[in-house]
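Have a look at the structure below, then the notes.
Number of protein chains: 2
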Amino acid sequence: MAVADLETCPTLVEAPLAEAEAEALAATLRVIADPARLRLISFIAAQPGSEACVCNLTAPVGLSQPTVSHHLKLLHDSGILDREQRGRWVHYSLRPEALDLLASVLSTGSA
Amino acid sequence: MAVADLETCPTLVEAPLAEAEAEALAATLRVIADPARLRLISFIAAQPGSEACVCNLTAPVGLSQPTVSHHLKLLHDSGILDREQRGRWVHYSLRPEALDLLASVLSTGSA
DNA sequence: GGGACATATCGATGTCTGTCAATATATCTG
DNA sequence: CAGATATATTGACAGACATCGATATGTCCC
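Chains A and B supply the protein sequences, listed in that same order.
Numbering of the first sequence is given in our numbering, commencing with residue 1 and proceeding in unit increments.
Numbering of the second sequence is given in our numbering, commencing with residue 1 and proceeding in unit increments.
The following block contains the structure:
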């Protein structure tokens with residue numbers, strides 16, 4: 001279930017959501033609706049090139065390495081972060097289109 | 001914890017989120033990250049005047065009356081829906097600014 | 001006031017998930 | 001190949017929450 005699957009979804013306020021559409025959107029929102037994952041996103045986004053090595057992400061969020069790895073996996077699986085392995089290190093980078101797509105689904109267009 | 005409290009928050013990609021800021025944003029996102037609540041929002045938004053009586057909301061989502069009432073309370077407490085009682089009936093209406101504010105916090109501005 | 005109706009609250013229950021310690025996998029270096 | 005380092009996976013557990021039935025609260029009408 002990736003953010004990209006929402007591209008075919010109507011806007012939230014456009015028409016009544018069918019059950020499957022609602023579940024798809026909720027699944028993506030659930031990934032973002034966690035303080036640790038929000039902090040990871042913002043930390044990565046704040047780095048030059050919007051990318052960061054995992055080894056630099058454990059300390060700032062104050063969680064164990066397996067937990068951070070777990071969160072990064074969820075963010076990657078849902079298409080919010082890109083993953084690139086360089087030798088022993090793994091770099092995660094932000095996919096801004098994902099957040100922007102989510103924002104556009106939520107927006108009412110009346111602003 | 002209402003959406004309006006996010007007005008002082010930086011954008012998600014603007015700067016690293018502090019723990020309290022991340023928790024505040026996550027709390028609001030959690031309210032939206034549920035299929036039943038997403039459907040309620042979209043059903044209400046699709047009505048003329050973006051408002052609906054509770055009695056018209058139970059059937060479409062296929063949940064019990066107490067459960068629907070519970071979801072509406074969460075949506076109201078977080079500032080996404082307005083509540084107005086008219087006699088025996090209660091009407092909930094959408095506050096578009098709330099969704100738009102959320103959308104603007106998520107947006108990277110690079111779109 | 002009494003009965004009917006609309007909505008909200010309460011208590012209980014099952015499921016989901018965030019977290020960790022332990023361990024596995026993978027890559028580099030000597 | 002052996003050891004070291006970086007990341008991922010597994011298993012377990014506690015806390016959060018969606019849901020329901022039962023009941024309470026509030027409002028209208030006779």
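Ideal Cβ positions, reconstructed from N, Cα and C, are used throughout, including at glycine.
The distance from the Cβ of L81/B to that of L94/B is about 6 Å, consistent with a contact at the 8 Å cut-off.
Relative to the Cα of L75/A, the nearest Cα in the group A59/A, E84/A, T28/A and E51/A belongs to T28/A. For R86/A, the pairing in a beta bridge is given by DSSP as W89/A. W89/B and G62/A have their C-alpha atoms roughly 48 Å apart. The C-beta of A2/B comes no closer than 8 Å to any C-beta of chain A. As computed with DSSP, L81/A is found in a beta bridge with L94/A. A Cβ of chain B is located within less than 8 Å of the beta carbon of P60/A. Where E51/A is concerned, the enclosing beta strand (DSSP E) starts and stops at E51 to C53. The beta carbon of R83/A sits closer than 7 Å to those of H76, V90 and Y92, all from its chain and outside the five residues before and after it, given in chain order. Cα atoms of S64/A and G79/A: separation of roughly 23 Å, rounded to the nearest angstrom.
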